[in-house]
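There are 2 protein chains.
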Amino acid sequence: MSQTLTPKGRATRARIIEGAAEVLREQGVAAARLDDIRDRTATSKSQLFHYFPGGKDDLLLAVAQYEADRVLEDQQPHLGRLDSWESWKQWRDVVVERYEQQGDHCPLGALFLQVGRSTPGARAIVTALMRQWQEALADGVRAMQDQGMTSSRLDADRTAAALLAGVQGGVTIMMSTGDSSHLRAALDTGIELLRFHAVGEVSAP
Amino acid sequence: MSQTLTPKGRATRARIIEGAAEVLREQGVAAARLDDIRDRTATSKSQLFHYFPGGKDDLLLAVAQYEADRVLEDQQPHLGRLDSWESWKQWRDVVVERYEQQGDHCPLGALFLQVGRSTPGARAIVTALMRQWQEALADGVRAMQDQGMTSSRLDADRTAAALLAGVQGGVTIMMSTGDSSHLRAALDTGIELLRFHAVGEVSAP
DNA sequence: CAAAAAATGGACCGGCAAGTCCAAAGCTGG
DNA sequence: CCAGCTTTGGACTTGCCGGTCCATTTTTTG
Chain U
1 MSQTLTPKGR ATRARIIEGA AEVLREQGVA AARLDDIRDR TATSKSQLFH
51 YFPGGKDDLL LAVAQYEADR VLEDQQPHLG RLDSWESWKQ WRDVVVERYE
101 QQGDHCPLGA LFLQVGRSTP GARAIVTALM RQWQEALADG VRAMQDQGMT
151 SSRLDADRTA AALLAGVQGG VTIMMSTGDS SHLRAALDTG IELLRFHAVG
201 EVSAP
Chain Z
1 MSQTLTPKGR ATRARIIEGA AEVLREQGVA AARLDDIRDR TATSKSQLFH
51 YFPGGKDDLL LAVAQYEADR VLEDQQPHLG RLDSWESWKQ WRDVVVERYE
101 QQGDHCPLGA LFLQVGRSTP GARAIVTALM RQWQEALADG VRAMQDQGMT
151 SSRLDADRTA AALLAGVQGG VTIMMSTGDS SHLRAALDTG IELLRFHAVG
201 EVSAP
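Going down the list, the protein sequences come from chains U and Z.
Under the UniProt record's numbering, the first residue of the first sequence is numbered 1, with each subsequent residue one higher.
Under the UniProt record's numbering, the first residue of the second sequence is numbered 1, with each subsequent residue one higher.
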């Protein structure tokens, strides 16, 4: 890729990433060939390597970043305003719907596997995503605590971590089995935990 | 593979699966070549295709089954006797230890991705594993309920599903980020949920 | 408008790894 | 001990696909 991208160049680059993301979702990383992406995006081989000098891995990493950004975006605005039971429920519904609709392809997981955990870039993308996601959930827990709607004894960060793990696992299981009940169970149980702490105020053992 | 396997043949087949599992754990599915497995298991190309006529995918599927069996085995005997707070804690420790030790390779997940979700065989393996795992957890919850140590109002299956999702997600996140705190949070929060229900007996909303 | 830089097209290359094949060796049962 | 199997060895083929290269067109800039 050249130092300075003209608007046309930027458009092409974006088109490649978006088209590649589609292809990868449809065919999976293992099955997707550079030629498929070339066809889909109406580009040539040289363009692919022009905009992603590192080759396929380079492109894959860019797509991973693109997909990672969408994960949180797709949960907005609910994820940013978890300050009432109603908003928690709306967020829950959006998450369930998003992943049920996505079907059985986990773009990020697949990309991650292909590019390799060891690659610093790949790990950084996922780590950042998880950190932001957990932070948003923790903010939500704290917002509820501030309003006295759940116990202030609850460790907001740990609760958020557990909830995030549940969502992740629920999605993973759904990808594998086609059954979203685990995702729903994890979300509902996690949210109910907050509610119980609102009423019970039982001290942790 | 022939209809009837002699003891020697069976031994070779088993050796291939075990050796392949090692190679796949070390190098990852994408990087592992048939020749690597051939070297590791001291076999020849023809043997690989003799015992796994379907080629690489066939072998990968066999390894997936092998790994799936080990997942539950490694949690025994604790997973089969979740009838006291102490046994739950022991189970928790075993899970954390097993996956922390496993490092950043998820053999099953990787295999699954390579072979493809659509493959009926692959999906069946994972589905069966999840069902058994969840069932074991649900049995544990019921055992606690029978002893009056947690509320009988709790939906054992749903609680088990949520806990399983948490474990899955915790492992996934650990694979990606190298941080096991989500796995711990999911396990601890899940078990604490049972304890709270023991004391509080608050009705669900 | 000319020169430089960027964007594009697409033919071509080369390596790699899955899969094939046949011959040879080793068991096993009658 | 031999006839028919299972098991084994390893050279060879094959197709695929990432990556290279250079010519050409388009855009920018001074």
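All residues carry an ideal CB built from backbone N, CA and C; glycine is no exception.
For chain U, check one thing: does any of its Cβ atoms lie closer than 9 angstroms to the Cβ of Z/Met144? no
Taking Cβ-Cβ distances shorter than 7 angstroms, what residues in chain U pair up with Z/Met149? Under the 7 angstroms cutoff, chain U gives no residues; its nearest Cβ is about 12 angstroms from Z/Met149.
Mind the definition here: the segment 121-132 of chain Z touches the segment 107-123 of chain U only if three or more C-beta pairs lie below 8 angstroms; say whether that holds. no
Residues that Z/Gly166 contacts on chain U, provided the C-beta gap is smaller than 7 angstroms: Ala162, Ala165, Gly166, Gly169 and Ala186
Should Z/Ala20 be flagged as near chain U, meaning a C-beta pair shorter than 9 angstroms? no
Exposed or buried, U/Arg142, counting other C-beta atoms within 10 Å across all chains shown (16 or more means buried)? buried
U/Arg13 beta carbon less than 9 angstroms from that of U/Tyr51: yes
Is the Cβ of Z/Arg15 closer than 9 angstroms to any Cβ of chain U? no
In chain order, what residues of the same chain have a beta carbon less than 8 angstroms from the beta carbon of U/Cys106, not counting five sequence neighbours either side? Val171, Thr172 and Met175
Sufficient close CB pairs (3 or more, under 8 angstroms) joining the segment 183-202 of chain U to the segment 83-93 of chain U: yes
Residues of the UniProt domain "HTH tetR-type" (10-70) of chain Z with Cβ closer than 9 angstroms to any Cβ of chain U, in chain order: Gly28, Val29, Ala30 and Ala31
Under 9 angstroms, Cβ to Cβ, is there at least one residue of chain U near Z/Gln102? no
Distance cutoff 9 angstroms, beta carbons only. Does U/Leu113 sit that close to anything in chain Z? yes
Indicate whether Z/Leu61 and Z/Lys45 have their beta-carbon atoms separated by less than 9 angstroms. no
Excluding five sequence neighbours on each side, which residues of the same chain lie with their C-beta closer than 8 angstroms to the C-beta of Z/Ala204? In this predicted model, Z/Ala204 has a pLDDT of only 42, less than 50, meaning its place in the structure is not dependable; the value taken from the coordinates is given anyway. For Z/Ala204, where only same-chain residues beyond five positions count, the Cβ hits under 8 angstroms are Arg153.
Looking at U/Thr43: is its Cβ nearer than 9 angstroms to the Cβ of U/Arg10? no
Could you tell me the boundaries of the alpha helix (DSSP H) in which U/Thr43 lies? Segment: none, U/Thr43 is in no alpha helix (DSSP H) and carries neither H nor E.
Can you find the residues in the same chain that come closer than 8 angstroms, C-beta to C-beta, to Z/Thr4, ignoring five residues on each side of it along the sequence? none
Comparing C-alpha positions only, which one of U/Ile17, U/Thr159, U/Lys8 and U/Gln168 sits nearest to U/Leu193? U/Thr159
Could you check whether the Cβ of Z/Leu193 sits closer than 9 angstroms to any Cβ belonging to chain U? yes
Between the alpha carbons of Z/Thr189 and U/Glu73, how many angstroms are there, rounded? 27 angstroms
When we look at the beta-carbon of Z/Thr6 and count the other beta-carbons within 10 Å, is it buried (16 or more) or exposed? exposed
Any beta-carbon of chain U closer than 9 angstroms to the one on Z/Thr119? no
Just to confirm, are U/Leu59 and U/Ala30 a CB contact at a threshold of 9 angstroms? no
I'd like to know whether the C-beta atoms of Z/Val71 and Z/Ile17 end up nearer to each other than 9 angstroms. no
Output the distance between the C-alpha atoms of Z/Ala110 and U/Ala162, rounded to the nearest integer angstrom. 24 angstroms
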